[in-house]
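Engineer:
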Amino acid sequence: MAIKALRGMRDLLPPLSEKYRTFLSRASQLAENYGFGYIETPIVEESLLFTRSVGESSDIVGKEMYEFVDKGGHRVALRPEGTAGVVRAFIEQKLDRQGGVHRFFYHGPMFRYERPQRGRFREFHQFGVESFGEKSVYEDASIILLAREIVESFGIGYTLKINSLGCPRCMGPYRQRLVEFLSVQEGLCPDCQRRRLTNPIRVLDCKEESCQEIYREAPKLLENLCDQCAKEFRELQEILDTEGLRYEVDPHLVRGLDYYTGSAFEFVSGDLGAQNAIVGGGRYDNLVELLGGRPTPAVGFAIGIERILELFELPPRERRGYYIGTLLPEGLRPALHLATQIRRREVGHLEVKVKSLRAHLKGADKLNLRYAVIIGEDELRKGSVWIKDLEKKEEWRAPLEKVVSEL
RNA sequence: GUGGGUGUAGCUCAGGUGGUUAGAGCACCAGAUUGUGGCUCUGGGGGUCGCCGGUUCGAGUCCGGUCAUCCACCCCA
Numbered sequence: 000m001a002i003k004a005l006r007g008m009r010d011l012l013p014p015l016s017e018k019y020r021t022f023l024s025r026a027s028q029l030a031e032n033y034g035f036g037y038i039e040t041p042i043v044e045e046s047l048l049f050t051r052s053v054g055e056s057s058d059i060v061g062k063e064m065y066e067f068v069d070k071g072g073h074r075v076a077l078r079p080e081g082t083a084g085v086v087r088a089f090i091e092q093k094l095d096r097q098g099g100v101h102r103f104f105y106h107g108p109m110f111r112y113e114r115p116q117r118g119r120f121r122e123f124h125q126f127g128v129e130s131f132g133e134k135s136v137y138e139d140a141s142i143i144l145l146a147r148e149i150v151e152s153f154g155i156g157y158t159l160k161i162n163s164l165g166c167p168r169c170m171g172p173y174r175q176r177l178v179e180f181l182s183v184q185e186g187l188c189p190d191c192q193r194r195r196l197t198n199p200i201r202v203l204d205c206k207e208e209s210c211q212e213i214y215r216e217a218p219k220l221l222e223n224l225c226d227q228c229a230k231e232f233r234e235l236q237e238i239l240d241t242e243g244l245r246y247e248v249d250p251h252l253v254r255g256l257d258y259y260t261g262s263a264f265e266f267v268s269g270d271l272g273a274q275n276a277i278v279g280g281g282r283y284d285n286l287v288e289l290l291g292g293r294p295t296p297a298v299g300f301a302i303g304i305e306r307i308l309e310l311f312e313l314p315p316r317e318r319r320g321y322y323i324g325t326l327l328p329e330g331l332r333p334a335l336h337l338a339t340q341i342r343r344r345e346v347g348h349l350e351v352k353v354k355s356l357r358a359h360l361k362g363a364d365k366l367n368l369r370y371a372v373i374i375g376e377d378e379l380r381k382g383s384v385w386i387k388d389l390e391k392k393e394e395w396r397a398p399l400e401k402v403v404s405e406l
């Protein structure tokens, strides 16, 4: 039995790899326009980093981490998400003490040991941004606008959902009230009975009709925000309004990771099946402190690259480059020499099999190359080549040395 | 972790009720009067029928197991 890639892990090769790189370069460019600098952090980190930041209770840490003990006896894990590592680096580089605003973008593989399905893999890739040190809700808005810019630049349709998760001042008491409410309810579905203990906020998201019936009476987070949080959430909406960004306030939008506070948002697509989130993000003002840094407000998002790649097509590639071939064995040396020179500046496909002109043209056409440069008997004798523009259907002859100089 | 669907050529798939050398389309390679591409035509290469076991004179086809994959739940990017 041949060795295959592990379950939920895929190879990336053309033509998909081309799409992948196109996405990355455009997203990176936009992030740079917004003042973000590229950061790379290790794929493997101490397990503790993720259990602390993502949260013990989350599925990601509870059962989805690729975790092992390395040869030095350290408990390490493949990163299940990108934020924790960036925050760790931010603190380790003492940027929290330096003050000011620091903005980073990153991309790379993430790992979660889950059952694969459409849009969900064990190794997947994210493009993310993180902004540190800016408390203003205008930063939240800027980040949402950056995500919008990226998504729209590929012509992708989406729905933006936003919510506020409040701050410790309002979330703590709210959670308390919700737990009290839940503790006296009868007839919750098994899932909700479990969530009631592990992650009470999540019950509001339950798809069971009977549960939703019950939750109609439950205390609402948005009605329990403190004045500050309520004001900021209102302001965020006003900013999005002025920027012409349509959104839905979704009180059930609860980001899955424990570290979120304040505004939360998600871009979802209707064309992806069950895993429909393409961008997820929000504010996490407590995380830096939680991981041992100076208290620093922060906000960011992550884009699921595999998911977003499903939602757009690249325009067809235009014809370009040179095909170099020969009709007789003696032509191979000059053909190789010519190809080598062309390749310094342009795409040059050298066909090393001697074949008929017809076959060469077929090959050049199939490879979507613009010019066929052929060395036949006459050309070999005269030190020239025969060139055909496959697009304009024009053909001519040129001295060997002039081909390159006229590129 | 739970449920359902699917595993036959590189890809998409045909192969009633078991029965000779397992097929098609696409892709690939070669050719269609001598040095002219996309269309068309002809030919060619390529298959442990996922794997293991069972039933049977005989299994791609029936049964069991196993693995893989897809979709959904859960959760999330």
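Residue numbering for the first sequence follows numbering that gives the first Met the number 0, starting at 0 and increasing by one per position. For glycine and all other residues, C-beta sits at the position ideal for the given N, C-alpha and C.
1. Determine the burial state of K18: buried for a count of at least 16 other Cβ atoms within 10 Å of its Cβ, exposed for fewer.
2. Compare the Cα-Cα distances from F232 to each of H124, V351 and G261 and report the closest residue.
3. Leaving out five residues before and five after W385 in sequence, what residues of the same chain have Cβ atoms less than 6 Å from its Cβ?
4. Whole-angstrom Cβ separation of G132 and D257, contact assumed at under 8 Å?
5. Candidates T50, P167 and A88: which alpha carbon is nearest E39's?
6. What residue range does the alpha helix (DSSP H) around P32 cover?
7. If Q125 sits next to H106, beta carbons under 8 Å apart, how far is it from one beta carbon to the other, in whole angstroms?
8. Checking 8 Å against the spacing of the C-beta atoms, do Y246 and I161 come in under that value?
9. With three or more beta-carbon pairs closer than 8 Å as the criterion, would you say the stretch 303-311 touches the stretch 328-343?
10. Specify the secondary structure class of N223 as computed by DSSP and reduced to three states.
11. Do L286 and L337 count as a contact pair if the criterion is CB distance below 8 Å?
12. Nearest by alpha-carbon distance to L12: which of F67, D69 and R20 is it?
13. Are the stretch 345-363 and the stretch 305-315 touching by the rule of at least three beta carbon pairs closer than 8 Å?
14. Under 8 Å by Cβ, that's how I've got L349 and R369 pegged, so tell me the actual separation to the nearest angstrom.
15. For the beta strand (DSSP E) holding A371, just list the boundary residues, first then last.
16. Which of helix, strand or coil does DSSP assign to P79?
17. Quick check: what's the CA-CA separation for L159 versus C166?
18. Excluding the 5 residues flanking R6 on each side, which residues of the same chain have their C-beta closer than 8 Å to its C-beta?
19. So what's P398 in DSSP terms, helix, strand or just coil?
20. Which residues mark the beginning and the end of the alpha helix (DSSP H) in which G61 is found?
21. Measure the Cβ-Cβ separation of V248 and D139 and say whether it is below 8 Å.
22. Just checking, does the stretch 261-271 make contact with the stretch 219-236 on the three C-beta pairs under 8 Å criterion?
23. Going by beta carbon distance, what residues of the same chain come within less than 8 Å of S46, once the five residues before and after it are set aside?
24. Find the nearest neighbour of L408 within the set R318, R319 and V353, judged by alpha-carbon distance.
25. Would you check if the stretch 317-324 and the stretch 135-155 touch, i.e. whether three or more CB-CB distances between them fall below 8 Å?
26. Tell me, to the nearest whole angstrom, how far the beta carbon of Q274 is from that of G61; I am working on the premise that it is less than 8 Å.
27. Excluding the 5 residues flanking R201 on each side, which residues of the same chain have their C-beta closer than 8 Å to its C-beta?
28. Which of the three DSSP states is assigned to Q192 in this structure?
29. Give the range of the beta strand (DSSP E) segment to which K160 is assigned.
30. Going by beta-carbon coordinates alone, are F104 and A4 separated by less than 8 Å?
31. According to DSSP, simplified to helix, strand and coil, what is P108?
32. By alpha-carbon positions, which one of V183, M109 and V267 ends up nearest to G280?
33. How would you label K70, buried or exposed, when you count the other beta carbons within 10 angstroms and need 16 or more for buried?
34. May I have the straight-line CA-CA distance separating P296 from A363, to the nearest angstrom?
35. Could I get the ranges of all uninterrupted alpha helix (DSSP H) runs contained in the stretch 303-377, with 4 residues as the minimum, in chain order?
36. Mind checking who Y37 pairs with in its DSSP beta bridge?
Structural biologist: Checking against the coordinates, here is how it stands:
1. Translated into the one-based positions of the first sequence, residue 18 becomes position 19. Its Cβ being crowded by 16 or more others within 10 Å, K18 is buried.
2. Residue mapping note: residue 232 aligns to position 233 of the first sequence, counting from 1. Checked all of H124, V351 and G261; the closest Cα to F232 is G261.
3. For this step, residue 385 is matched to residue 386 along the first sequence. The residues are I373, E378 and R396.
4. The residue you call residue 132 lines up with position 133 of the first sequence. The residue you call residue 257 lines up with position 258 of the first sequence. Taking C-beta atoms under 8 Å as the contact rule, G132 and D257 fail to qualify, at a distance of about 22 Å.
5. Taking the first sequence and counting its residues from 1, the one referred to as residue 39 is at position 40. When each option's Cα is compared against that of E39, the closest is A88.
6. For this step, residue 32 is matched to residue 33 along the first sequence. The residue asked about is misnamed: residue 32 is Asn in this sequence, not Pro. Start and end: L15 to N32.
7. Reading the first sequence from its first residue, position 126 is the one you call residue 125. Reading the first sequence from its first residue, position 107 is the one you call residue 106. Between H106 and Q125 the Cβ distance is about 7 Å, and since that is below 8 Å, they are a contact.
8. By one-based count along the first sequence, residue 246 stands at place 247. By one-based count along the first sequence, residue 161 stands at place 162. Yes, these two residues count as a Cβ contact at 8 Å.
9. no
10. In the first sequence, the residue the question calls residue 223 occupies position 224. Residue state, collapsed to three classes: helix.
11. Reading the first sequence from its first residue, position 338 is the one you call residue 337. Reading the first sequence from its first residue, position 287 is the one you call residue 286. No, these two residues do not count as a Cβ contact at 8 Å.
12. Residue 12 sits at position 13 when you count from the first residue of the first sequence. The candidate whose alpha carbon is nearest that of L12 is R20.
13. No: fewer than three Cβ pairs fall under 8 Å.
14. Your numbering for residue 349 matches position 350 in the first sequence. Your numbering for residue 369 matches position 370 in the first sequence. That belief does not hold up - the Cβ atoms of L349 and R369 are roughly 15 Å apart, past 8 Å.
15. Here residue 371 is taken as the residue at index 372 of the first sequence, counted from 1. Where A371 is concerned, the enclosing beta strand (DSSP E) stretches over Y370 to I374.
16. In the first sequence, residue 79 corresponds to position 80, counting from 1. Residue state, collapsed to three classes: coil.
17. One-based indexing of the first sequence puts residue 159 at position 160. One-based indexing of the first sequence puts residue 166 at position 167. Their backbone Cα atoms lie some 22 Å apart in a straight line.
18. By 1-based counting over the first sequence, the position of residue 6 is 7. Around R6: P115 and R121.
19. Indexing the first sequence from 1 puts residue 398 at position 399. In the three-state reduction of the DSSP assignment, P398 falls in the strand class, which pools E and B.
20. Locating residue 61 in the first sequence gives position 62, where the first residue counts as 1. Per DSSP, the unbroken alpha helix (DSSP H) holding G61 starts and ends at D58 to K62.
21. One-based indexing of the first sequence puts residue 248 at position 249. One-based indexing of the first sequence puts residue 139 at position 140. Their beta carbons are not under 8 Å apart, which means V248 does not touch D139 by this criterion.
22. yes
23. Mapped onto the first sequence, residue 46 falls at position 47. Excluding positions up to five away in sequence, the list reads M64, E66, R74, V75 and A76.
24. This structure cannot speak to residue 408, because the chain is shown only from 0 to 406.
25. Not touching, per the Cβ criterion.
26. For the purposes of this step, residue 274 is identified with residue 275 of the first sequence, where counting begins at 1. For the purposes of this step, residue 61 is identified with residue 62 of the first sequence, where counting begins at 1. At roughly 19 Å, the Cβ-Cβ gap does not stay under 8 Å, so Q274 and G61 are not in contact.
27. Your numbering for residue 201 matches position 202 in the first sequence. Only R194 and V253 meet the Cβ criterion.
28. The residue given as residue 192 occupies position 193 in the first sequence. Helix.
29. To locate residue 160, count along the first sequence from 1; it is residue 161. T158 to S163 is the extent of the beta strand (DSSP E) around K160.
30. As a working note, residue 104 is residue 105 in the first sequence. As a working note, residue 4 is residue 5 in the first sequence. No, they are not a contact pair.
31. Counting from 1 along the first sequence, the entry for residue 108 is found at position 109. The three-state reading of DSSP puts P108 in strand, counting E and B together.
32. The sequence position of residue 280 within the first sequence is 281, counting from 1. Considering only V183, M109 and V267, the residue with the shortest C-alpha distance to G280 is V267.
33. Position 71 of the first sequence, counted from the start, is the residue given in the question as residue 70. With fewer than 16 other CB atoms across the displayed protein chains lying within 10 angstroms of its CB, K70 is exposed.
34. Start at 1 with the first residue of the first sequence, and residue 296 comes out as number 297. Start at 1 with the first residue of the first sequence, and residue 363 comes out as number 364. Those two C-alpha atoms are separated by around 57 Å.
35. 304-308, 331-342 and 356-365
36. Position 38 of the first sequence, counted from the first residue, corresponds to residue 37. In the DSSP output, where bridge partners are listed per residue, Y37 has F104.
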